[in-house]
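J.: One structure, pasted below without further comment.
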């Protein structure tokens, strides 16, 4: 989501300055690639790049393709075969051993609906969504709608093509992706043309609530900002919890523990880290948090004995934690990185949060036997 927000910000500035633009999107990958389907890059006519579609090896050639699309004002699907040993024919050095399909789309700010406005609508509220991008692998030169359909849980479908034209099945599949929270790639036969749809499920950014506005919260808030997470600082001390000390925080709350949750929206992308260095404050807030079923991560800074004591005291109050509740509490917080400094501890905490939300092992990739990334699920051809 951070890349999407960066692209929206760059688009806003570029449109204000009257620049012409194109959006490049990785829509399909065969084999290995540095970026996966859904990676995006905004290109302006003066060569400014926002986002990334590779580790840097494709951007030079992609800039040329984007400028061509801007001038022609027509979508273009470009395929890079990075498994070809003679990759010098692209003028780049790839070495990823895969085939990458990238869709380039011109962006016209004068149009009410285009790919970036769909991204804007997706990010306007903190909600999940499904974005559909249509392209043709069998006929790359075929004019196709591109990024054309957005499905949100609480609003009508936003699209610049009629659903009737491209079939209710595609719309139903997009809603299914929203329900299952999984992306997929599928082929659809529209009359005589076989089109491929990248149906992309997109989550809102991680919402990190840091309970504690001490100096050791600075590096954690800083890492969260780099990652594009929404960050909230919570503390009972107005002298510590303020925008002067945390200028890049999205929200700062000064409240007692029982007044925090009324000011925080919680979903399955929300995580808490208790680091007030005030035992009673952490305990009182933990008492509130264990009642929130959507929370999968509550970090507790400090030794294991501190957390064990808090759980014991909750039990003495009649709050007996279930296995599921206990599994959502991480204390001591963070991965075992032998962290010593506040910056290293912040790194270990952020890495553990990412591990938990991604439901991964956190092992070294060297020891992973299967591919690093999971491919979007492939589905059969659907005749519309």
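In my numbering, the protein residues as written are 33 to 416. Backbone N, C-alpha and C fix where the C-beta goes; we use that ideal spot for every residue, glycine too. For clarity, every value in this text was computed on a predicted model and none was experimentally measured.
1) Judging by CA-CA distance, which residue of 236, 356 and 109 is the nearest neighbour of residue 157?
2) Under a three-way DSSP split, which group does residue 388 fall into?
3) Return the chain-ordered list of same chain residues with a C-beta closer than 6 Å to the C-beta of residue 97, the five sequence neighbours on each side being excluded.
4) How close, in whole Å, do the beta carbons of residue 139 and residue 148 come, if the pair is a contact with beta carbons under 8 Å?
5) Tell me where the beta strand (DSSP E) around residue 225 begins and ends.
6) The alpha helix (DSSP H) with residue 257 in it runs from where to where?
7) What number of angstroms, rounded off, separates the C-alpha of residue 300 from the C-alpha of residue 224?
8) Indicate whether residue 39 and residue 58 have their beta-carbon atoms separated by less than 7 Å.
9) Of the choices 239, 228 and 249, whose alpha-carbon is the least far from that of residue 296?
10) Just the Cα atoms here: how many angstroms apart are residue 265 and residue 289?
11) Identify, in the order they occur along the chain, each residue of the same chain with its Cβ nearer than 7 Å to the Cβ of residue 124, setting aside the five sequence neighbours on each side.
12) Measure the alpha-carbon distance for residue 284 versus residue 173 and round it to whole angstroms.
13) Let me check one thing: in DSSP terms, what residues is residue 149 bridge-paired to?
14) What would DSSP say about residue 272, mapped onto helix, strand or coil?
15) Answer yes or no: do residue 231 and residue 206 have a C-beta to C-beta separation smaller than 7 Å?
16) So, with DSSP's three-state summary, where would you put residue 52?
17) Within this structure, are the beta carbons of residue 83 and residue 130 separated by less than 7 Å?
18) Kindly give me the distance between the Cβ atoms of residue 256 and residue 278, rounded to whole angstroms, as I take these residues to be in contact under 8 Å.
19) In the DSSP output, which residue or residues are listed as bridge partners for residue 72?
20) Where does residue 438 sit, in a helix, a strand or coil, going by DSSP?
21) Does DSSP put residue 87 in a helix, in a strand, or in coil?
22) What number of angstroms, rounded off, separates the C-alpha of residue 100 from the C-alpha of residue 186?
23) Where does residue 208 fall in DSSP's three states?
24) Per DSSP, residue 243 forms a beta bridge with which residues?
25) Ignore the nearest five residues each way along the sequence and tell me which others in residue 317's own chain have a CB closer than 7 Å to its CB.
26) With the cut-off set at 7 Å, would you say residue 387 and residue 394 are in Cβ contact?
27) What are the start and end residues of the alpha helix (DSSP H) that includes residue 325?
28) Take residue 234 as the anchor and find which of 249, 247, 216 and 200 has the nearest alpha-carbon.
29) Sorted by chain position, which residues of the same chain lie with C-beta nearer than 6 Å to residue 302's C-beta, five sequence neighbours on each side aside?
30) Would you decide whether residue 275 is buried or exposed? Buried here means 16 or more other CB atoms lie within 10 Å of its CB.
31) Return the CA-CA distance between residue 267 and residue 259, expressed in angstroms with no decimal places.
32) Alpha carbon to alpha carbon, how far is residue 51 from residue 45? Give it in angstroms, no decimals.
T.: In short:
1) 236
2) helix
3) 110 and 136
4) 6 Å
5) 225-234
6) 249-259
7) 42 Å
8) no
9) 239
10) 13 Å
11) Only weak support exists for where residue 124 lies, its pLDDT of 48 falling under 50; the coordinates are left without a value.
12) 51 Å
13) Partner(s): none; residue 149 has no beta bridge.
14) coil
15) yes
16) coil
17) no
18) Contact doesn't hold; Cβ gap of about 11 Å is too wide.
19) 57
20) An answer regarding residue 438 cannot be provided, because it is not within the stretch 33 to 416 covered by the chain.
21) coil
22) 38 Å
23) helix
24) 266 and 306
25) 243, 289, 292 and 306
26) yes
27) That residue, residue 325, is in no alpha helix (DSSP H); it is neither H nor E in DSSP.
28) 216
29) 239
30) exposed
31) 23 Å
32) 9 Å
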